[in-house]
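Asks: Sequential numbering of the sequence shown, starting at 10, is according to the working numbering. Okay, here's the structure, questions in a sec.
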Amino acid sequence: MTQGGFDEFWDGLDRDLADVDLGLSLEAEGFYSQPEWTVYRMSYNSTDGHRLFAWLSVPHDIAGENTPVLVRMPDYSSVHDIIYTPLRQSAIVMNPTYRGQRNSDALFQASYPGLLTAGLPTGGTPTEDTPTIGIDRHQDYIMRQVFGDALRAVDAVVGQSEFDLGRFVLTGSGLGGSLALAVAARRSVVEAVAADTPLALGHPALIEGNPPYPAAELVDYLRLYPDRSQAVASATEPLNPLLMAPMIRVPVLLSLGSRDRGQCPIAVGEELASLLPQCDLRVYDGASEGGGHEHVQVRGAWLRERLGLG
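As structure tokens, then:
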């Protein structure tokens with residue numbers, strides 16, 4: 010892909026988002042709130058008429074100004090629920106969703122497996138010539154819009170006026186790791202990223218051999234439609250995290266599993282680390298879990314430091 014084609018893909022996505030009013034709303038949720046923080050149901054608009062949902066946790070001890078923000082990007086699954094983190098006592102924590110996930114599925118309900126090769130829902134009846142899966146149609150590939158929804162999540166936090174924001178940090182694993190890296194490349198407000206085994210969508214090595222899920226979805230699709238391999242490569246290439254890496258000028262904590270084949274094969278991950286201007290690479294003996302409990306401790310300390318919490 011040429012640089013011009015790559016830039017046009019992402020600039021076009023930003024233009025699409027700019028044409029949509031944010032329509033932000035916040036509603037306190039008493040069930041999940043605690044004495045130390047209030048949890049809000051957050052809703053906002055994205056492209057194609059989709060209304061997206063996020064959990065937003067706000068600590069009570071804000072001290073009025075510059076509260077750090079942690080956004081955990083959603084992984085490849087139907088439910089992206091609120092999670093416990095001790096950081097909620099000191100930072101605003103957002104858990105956004107993308108279209109098709111629970112609470113963001115009024116217009117479209119994603120399938121797992123299936124989303125990785127899906128096209129935009131049209132409401133029509135598919136035929137043999139226009140199957141429901143549409144990864145081969147560049148502008149109709151739904152993952153383009155999923156990445157747009159990740160950009161929109163950060164825009165929603167920045168666009169709210171209720172809270173004064175400080176340091177802005179992203180985290181995510183699998184697809185969430187890739188979304189976090191992409192947003193860091195496109196949004197200057199982001200100051201750091203912790204990405205665990207980011208899904209190397211768009212990299213040819215992801216579908217080599219016989220990879221496990223979720224990469225296996227792509228392999229299955231190409232087995233059914235071998236003549237569409239070039240179209241699939243064209244649709245996914247702009248989402249390749251290695252192409253975004255040189256544009257990510259902030260510190261990145263990257264975890265990899267030495268035996269991972271379904272998210273970020275080790276050779277791909279090491280190349281990604283070499284392309285990131287500021288990368289702290291951690292490789293663990295494992296697969297797509299990216300370090301498990303050991304890395305949870307490493308990541309927690311790293312995030313606290315990047316959020317300015319000591």
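Virtual Cβ for every residue (Gly too), placed ideally from N, Cα, C. Note that this is a predicted model, so its numbers are computed, not measured.
1) Thinking Ile275 and Leu265 are a contact (beta carbons under 8 Å), I'd like their distance in whole angstroms, please.
2) Tell me the rounded alpha-carbon separation between Ala27 and Gly21.
3) What residue does the alpha helix (DSSP H) around Arg24 start on, and which one ends it?
4) Can you name the start and end residues of the beta strand (DSSP E) that Ser42 belongs to?
5) When the Cα of Ala331 is compared with those of Phe156, Pro220, Tyr293, which residue comes out closest?
6) Look at Val259 and Glu200 and say whether their C-beta atoms are less than 9 Å apart.
7) With a cut-off of 8 Å on the beta carbons, I'd call Leu79 and Val102 a contact; round off their distance for me.
8) Quick one: what's Ala203 bridged to in DSSP?
9) Taking 7 Å as the limit between beta carbons, can you name the residues of its chain near Ser182, skipping five residues before and five after?
10) Go ahead and label Leu316 buried or exposed: buried means 16 or more other beta carbons lie within 10 angstroms of its beta carbon, across all protein chains shown.
11) Let me confirm a value: Arg268 is counted as buried when at least 16 other C-beta atoms fall within 10 Å, else exposed. Which label applies?
12) Need the endpoints of the alpha helix (DSSP H) that Met256 sits in, please.
13) Taking the alpha-carbon positions, what's the Tyr93 to Leu184 distance?
14) Check each candidate in Asp114, Leu125, Ser170 and name the one with the smallest Cα separation from Ala225.
15) Can you name, in chain order, every residue of its own chain whose Cβ lies under 6 Å from the Cβ of Val5, other than the five neighbours on each side?
16) Look at the Cβ atom of Ala282, then the Cβ atom of Leu190, and state whether they are nearer than 9 Å.
17) Could you tell me whether the Cβ atoms of Leu61 and Asp158 are closer together than 9 Å?
18) Within 10 angstroms of its Cβ, does Leu116 collect 16 or more other Cβ (buried), or is it exposed?
19) Should His304 go down as buried or exposed, given a rule of 16 or more other Cβ atoms within 10 Å for buried?
20) Determine the contact status of Leu179 and Tyr150, defining contact as a CB-CB distance below 9 Å.
21) For Gly185, name the three-state secondary structure that DSSP assigns.
22) Would you kindly work out how many angstroms separate the C-alpha atoms of Arg50 and Ile71, rounded to a whole number?
23) Does Arg24 pass the burial test, meaning 16 or more other C-beta atoms within 10 Å, or should it be called exposed?
Replies: With the given structure in hand:
1) The residue given as residue 275 occupies position 266 in the sequence shown. The residue given as residue 265 occupies position 256 in the sequence shown. About 6 Å; that satisfies the 8 Å criterion.
2) The residue labelled residue 27 in the question sits at position 18 within the sequence shown. The residue labelled residue 21 in the question sits at position 12 within the sequence shown. When rounded, the distance between both Cα atoms is 10 Å.
3) Taking the first residue of the sequence shown as 1, we reach residue 24 at position 15. It spans 12-27 - the alpha helix (DSSP H) in which Arg24 sits, taken as one unbroken run.
4) Along the sequence shown, one-based indexing puts residue 42 at 33. Counting along the chain, the unbroken beta strand (DSSP E) around Ser42 starts and ends at 34-43.
5) What the structure shows of the chain is the stretch from 10 to 319, and residue 331 is not part of that stretch, so it cannot be assessed.
6) To locate residue 259, count along the sequence shown from 1; it is residue 250. To locate residue 200, count along the sequence shown from 1; it is residue 191. Yes, the Cβ-Cβ distance between Val259 and Glu200 is below 9 Å.
7) As a position in the sequence shown, residue 79 is number 70, starting the count at 1. As a position in the sequence shown, residue 102 is number 93, starting the count at 1. Going by Cβ atoms, the distance from Leu79 to Val102 rounds to 5 Å, so yes, they are a contact pair.
8) By one-based count along the sequence shown, residue 203 stands at place 194. The partner list for Ala203 (beta bridge, DSSP) reads Thr180, Leu262.
9) Walking along the sequence shown from the start, residue 182 turns up at place 173. Once the five neighbours on either side are set aside, the close Cβ partners of Ser182 are Asp84, Asp205, Thr206, Gly299.
10) Position 307 of the sequence shown, counted from the start, is the residue given in the question as residue 316. Buried, by the Cβ-count rule.
11) Numbered from 1 along the sequence shown, position 259 holds the residue referred to as residue 268. Looking at its Cβ environment, which holds fewer than 16 other Cβ atoms inside 10 Å, Arg268 is exposed.
12) What you label residue 256 is simply residue 247 of the sequence shown in a count that begins at 1. Note, Met256: premise wrong, no alpha helix (DSSP H); not H, not E.
13) As a working mapping, residue 93 is identified with position 84 in the sequence shown. As a working mapping, residue 184 is identified with position 175 in the sequence shown. Cα-Cα distance, rounded: 20 Å.
14) As a position in the sequence shown, residue 225 is number 216, starting the count at 1. Of the candidates Asp114, Leu125, Ser170, the one whose C-alpha sits nearest the C-alpha of Ala225 is Leu125.
15) Absent from the structure is residue 5, since the part of the chain shown begins at 10 and ends at 319.
16) Residue mapping note: residue 282 aligns to position 273 of the sequence shown, counting from 1. Residue mapping note: residue 190 aligns to position 181 of the sequence shown, counting from 1. No; because the gap between Cβ atoms is not below 9 Å, this pair is not in contact.
17) Here residue 61 is taken as the residue at index 52 of the sequence shown, counted from 1. Here residue 158 is taken as the residue at index 149 of the sequence shown, counted from 1. A distance below 9 Å separates the beta carbons of Leu61 and Asp158.
18) By 1-based counting over the sequence shown, the position of residue 116 is 107. Looking at its Cβ environment, which holds fewer than 16 other Cβ atoms inside 10 Å, Leu116 is exposed.
19) The sequence position of residue 304 within the sequence shown is 295, counting from 1. With 16 or more other Cβ atoms within 10 Å, it is buried.
20) Stepping through the sequence shown from its first residue, residue 179 is reached at position 170. Stepping through the sequence shown from its first residue, residue 150 is reached at position 141. Result no, Cβ atoms of Leu179 and Tyr150 do not sit closer than 9 Å.
21) On the sequence shown, position 176 is the one that residue 185 refers to. If DSSP states are grouped into helix, strand and coil, Gly185 belongs with the helices.
22) Walking along the sequence shown from the start, residue 50 turns up at place 41. Walking along the sequence shown from the start, residue 71 turns up at place 62. Approximately 19 Å, taken between the alpha carbons.
23) As a working mapping, residue 24 is identified with position 15 in the sequence shown. Exposed.
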